[in-house]
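Before any comments, here is the structure.
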Amino acid sequence: MSALHTHTLSQLAEGLRRKSFSSVELVGELLARIEKSQPLLNAFISVTAEEALAAARAADRTLAAGDGGALTGVPIAHKDIFCTEGVRTTCGSRMLDNFVSPYDATVVAKLKRAGAVMLGKTNMDEFAMGSSNENSFYGPVRNPWNPQLVPGGSSGGSAAAVAARLVAGATATDTGGSIRQPAALCGITGMKPTYGRVSRYGMVAFASSLDQGGTLTATAADAALMLREMAGFDPRDSTSVETPVPDYVAALEEPIAGLRIGVLAEFFDKGLDAENERCVRAALKVLEGLGAKVTQASLPNLPLSVPVYYVVAPAECSSNLARYDGVRFGHRCENPRDLNDLYRRSRGEGFGAEVKRRVMTGTYVLSAGYYDAYYLKAQRVRALINEDFARAFNGVDVLIGPTTPTPAFPIGAKTSDPITMYLNDIYTIGANLAGLPAISVPCGFVQGLPVGLQIVGPHFSEARVLSAAHAFQRVTDWHTRIPVGYA
Amino acid sequence: MALTREQLATIATLARLELTPSEIPVYQESLSRILEFVGALERADTANVTPMAHPLPGLTQRLRADVVTEVDCHERYQLNAPLTAAGLYLVPKVIE
């Protein structure tokens, strides 16, 4: 066994360029690991082995000729929310069980251009709605650290795949914490960029004012490498921002001496597990030891972020998911009596329980008579939370706190009550409401389970957030831990 | 606030979702809980606060030149359609 699977994305790219190993060899090894892990972890919905080997052979030819991009021959996986031409894109839903993307998402096309080789499409909560990956039509994903536990969600398949070293990097999306929360629960690095930084073209829409694509990798340096290729203006996404993309990799070594860190009082609330708190406080000491200046910061309206989210996100979801009508693509019921019956039964059969719950919540808060009391009110409170962040960033460069209140929880533990499940995202939702970049990095273990540290920066400060995370990872080794059985 | 069975049925109709009789009380209960939970927003003082629809302040929707940029791909797109004929999507008869 060559143990190529323990290499980081950056090491793999370098090793391929030096021809220390071939892409075909690497892809073969990882495909075997995926196949072996699948019955237990269920991290993938589709594995594209033949296409991957063909792409690896082409990459090896490119490398042999001395050509290639930043990721030539490097295997990655895509969350099954990104459209991949000619490959099924299910979004974890029965609704799209038979949907074959007619085109590539911009993120997929950009990573392909950089030379990356796709191994398959990862499992996820249906339409990215969930915090435990228990809402997938294709069954739950299991946490590689303990298969009785959830990996987090909604990008649970991508997170489990990277944690189990089935692949060194995977794409993911974050609407309320769906990159950072599974990163924390699986002991890896999860980067959610600024809203508008990464194109949403071809990324199945859930809540359009919150959705943002990003990365799941072992290290912040790998996140920088992947994000540099993924980010950038896209005329096909009207919310894509025309700000140039800095070289995140080159910026990694920026020292953090003098970095002003705000510790968020609201993140150390009564819901935070004492052991999680201990890990996060120890991490702050590490950053202080590197010369960062730690001060207190407060976002007084942050406790309202979960209620705001559960109005805004369902409202946008009910509108986005109106397109699934059983007519142009997706699931269609048998023998519809009339057009209305076609719509109602196709949607009733095609959507799972949590999706229906959110579509109906959204329908209600947007309906005549309730729009002002719920939707407009939530948008106003969202503005207050955004102002809180802007004020906090007047005095500090980054805000730091825990990513989640607790480590991973057992499968089935929170499925009976939606509110309990929603509160998992209490520390992550704020960054989505304000459109801010944020990263989760491993910062310790509680009873053998990883804990995440969250670093949030002002708009378009990805380079700063990544370099702070990288500085932390240079002097700690939490991100190098691999679950038993996958090393 | 607690939703009645009738209110829940109306929401399902507006959302074009067929629910089974056993699903109705389940959603009645969970939606009521969610509405109670988000009711916490009422307590926030938002007088003179402009509603925020977009996370990047000051960003406006971009316009582009009024020229055709897309090519006709309907055949490819219709490969995903449940039922088509002569390039058209087929649905049950709407007008008798």
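Chains E and V, in that order, are what the protein sequence lines are.
Per our numbering, the first sequence starts with residue 1041, numbered consecutively.
Per our numbering, the second sequence starts with residue -3, numbered consecutively.
For glycine and all other residues, C-beta sits at the position ideal for the given N, C-alpha and C.
Just so it is clear, the structure is predicted and the values come from calculations on it, not from any experiment.
Is the separation between the beta-carbon of residue i and that of residue j shorter than 8 Å?
i, j, result
"alanine 1204 of chain E", "proline 1184 of chain E", "yes"
"threonine 1048 of chain E", "aspartate 1262 of chain E", "yes"
"tyrosine 1288 of chain E", "alanine 1258 of chain E", "no"
"tyrosine 1349 of chain E", "leucine 1473 of chain E", "yes"
"cysteine 1357 of chain E", "phenylalanine 1246 of chain E", "yes"
"serine 1480 of chain E", "glycine 1230 of chain E", "yes"
"serine 1171 of chain E", "glycine 1197 of chain E", "no"
"glycine 1242 of chain E", "tyrosine 1143 of chain E", "yes"
"alanine 1210 of chain E", "serine 1218 of chain E", "no"
"valine 1181 of chain E", "alanine 1092 of chain E", "no"
"valine 1505 of chain E", "valine 1438 of chain E", "yes"
"alanine 1503 of chain E", "alanine 1260 of chain E", "no"
"tyrosine 1411 of chain E", "valine 1351 of chain E", "no"
"isoleucine 1440 of chain E", "isoleucine 1296 of chain E", "no"
"proline 1187 of chain E", "alanine 1199 of chain E", "no"
"valine 1147 of chain E", "serine 1239 of chain E", "yes"
"phenylalanine 1139 of chain E", "alanine 77 of chain V", "no"
"leucine 52 of chain V", "glutamine 24 of chain V", "no"
"methionine 1400 of chain E", "leucine 13 of chain V", "yes"
Please look up how many angstroms separate the CB atoms of residue i and residue j, rounded, as I've assumed it's under 8 Å.
i, j, result
"asparagine 1316 of chain E", "valine 1486 of chain E", "6 Å"
"alanine 1340 of chain E", "aspartate 1274 of chain E", "Residue identity differs from the one stated: residue 1340 of chain E is proline in this sequence, not alanine. Not confirmed; about 36 Å, so no contact."
"serine 1133 of chain E", "phenylalanine 1167 of chain E", "6 Å"
"threonine 1234 of chain E", "proline 1477 of chain E", "5 Å"
"leucine 1424 of chain E", "threonine 46 of chain V", "With a Cβ gap of about 11 Å, leucine 1424 of chain E and threonine 46 of chain V do not count as contacting."
"leucine 1344 of chain E", "leucine 37 of chain V", "6 Å"
"phenylalanine 1061 of chain E", "leucine 1081 of chain E", "With 8 Å as the limit, phenylalanine 1061 of chain E and leucine 1081 of chain E do not qualify as a contact, their Cβ atoms being about 25 Å apart."
"valine 1207 of chain E", "leucine 1159 of chain E", "6 Å"
"lysine 1119 of chain E", "serine 1176 of chain E", "The Cβ separation is near 11 Å, so there is no contact."
Would you verify that the beta carbon of residue i is, or is not, closer than 8 Å to some beta carbon of chain V?
i, result
"asparagine 1464 of chain E", "no"
"methionine 1041 of chain E", "The predicted position of methionine 1041 of chain E is uncertain, since its pLDDT is 42 and thus under 50; no value can be drawn from it."
"threonine 1213 of chain E", "no"
"aspartate 1378 of chain E", "yes"
"alanine 1527 of chain E", "no"
"lysine 1396 of chain E", "yes"
"proline 1222 of chain E", "no"
"isoleucine 1469 of chain E", "no"
"arginine 1387 of chain E", "yes"
"methionine 1400 of chain E", "yes"
"arginine 1372 of chain E", "yes"
"tyrosine 1288 of chain E", "no"
"isoleucine 1459 of chain E", "yes"
"proline 1142 of chain E", "yes"
"valine 1348 of chain E", "yes"
Using a Cβ cut-off of 8 Å (strictly closer), state whether residue i contacts chain E.
i, result
"proline 17 of chain V", "no"
"isoleucine 30 of chain V", "yes"
"alanine 36 of chain V", "yes"
"methionine 48 of chain V", "yes"
"glutamine 24 of chain V", "no"
"glutamate 66 of chain V", "no"
"threonine 42 of chain V", "yes"
"proline 21 of chain V", "no"
"glutamate 14 of chain V", "yes"
"leucine 27 of chain V", "yes"
"valine 63 of chain V", "no"
"alanine 11 of chain V", "yes"
"alanine 77 of chain V", "yes"
"isoleucine 84 of chain V", "The question names isoleucine, but residue 84 of chain V is leucine in the sequence shown. Judged by the 8 Å Cβ criterion, leucine 84 of chain V is not in contact with chain E."
Can we count residue i as close to the ligand SAM, meaning its CB is less than 7 Å from some heavy atom?
i, result
"cysteine 1226 of chain E", "Within the structure as shown, the ligand SAM is missing, as the structure has no ligands at all."
- [ ] Tell me the start and end of each unbroken alpha helix (DSSP H) in the segment 1370 to 1421 of chain E that is at least 4 residues and wholly inside, in chain order.
- [x] 1379 to 1390, 1393 to 1406
Task: Contact set between the segment 1408 to 1423 of chain E and chain V, restricted to residues whose Cβ is under 7 Å from the partner - done: Tyr1414, Leu1416, Lys1417, Ala1418, Gln1419, Arg1420, Val1421, Arg1422, Ala1423
TODO: Using a Cβ-Cβ cut-off of less than 7 Å, list which residues of the segment 1352 to 1370 of chain E approach chain V; keep chain order.
DONE: Ser1358, Gly1366, Val1367, Arg1368, Phe1369
Task: Chain-ordered residues of the segment 1164 to 1185 of chain E with a beta carbon less than 8 Å from chain V - done: none
Task: Residues of the segment 1263 to 1279 of chain E with Cβ closer than 9 Å to any Cβ of chain V, in chain order - done: Pro1275, Ser1278, Thr1279
TODO: Run through the segment 1072 to 1133 of chain E for me and flag every whole beta strand (DSSP E) of 3 or more residues, listed as ranges in chain order.
DONE: 1084 to 1087, 1115 to 1119
Task: Minimum length 4: unbroken alpha helix (DSSP H) runs contained in the segment 1208 to 1249 of chain E - done: 1220 to 1226
TODO: Quick one: which residues of the segment 1475 to 1508 of chain E get their C-beta closer than 9 Å to a C-beta of chain V? List them in chain order.
DONE: Gly1475, Leu1476, His1499
Task: Entirely enclosed beta strand (DSSP E) segments - the segment 1471 to 1500 of chain E, minimum 3 residues - done: 1478 to 1486, 1489 to 1496
Task: Residues, ordered as in the chain, of the segment 1238 to 1251 of chain E that lie near chain V by beta-carbon distance below 8 Å - done: Ser1249, Leu1250
Task: chain E contacts from the segment -2 to 9 of chain V (Cβ-Cβ distance under 9 Å) - done: Leu(-1), Gln3, Leu4, Thr6, Ile7, Ala8, Thr9
TODO: Output the residue ranges of the alpha helix (DSSP H) runs that lie fully inside the segment 61 to 89 of chain V and measure 4 residues or longer, sorted by chain position.
DONE: 70 to 73
- [ ] Run through the segment 1254 to 1285 of chain E for me and flag every whole alpha helix (DSSP H) of 4 or more residues, listed as ranges in chain order.
- [x] 1260 to 1270
Open item on the list: Which runs of the alpha helix (DSSP H) at least 4 residues long sit entirely within the segment 1432 to 1473 of chain E? Give them in chain order.
Closed with: 1458 to 1462, 1469 to 1473
Task: Runs of beta strand (DSSP E) wholly within the segment 1122 to 1206 of chain E (minimum 3 residues, chain order) - done: 1157 to 1162
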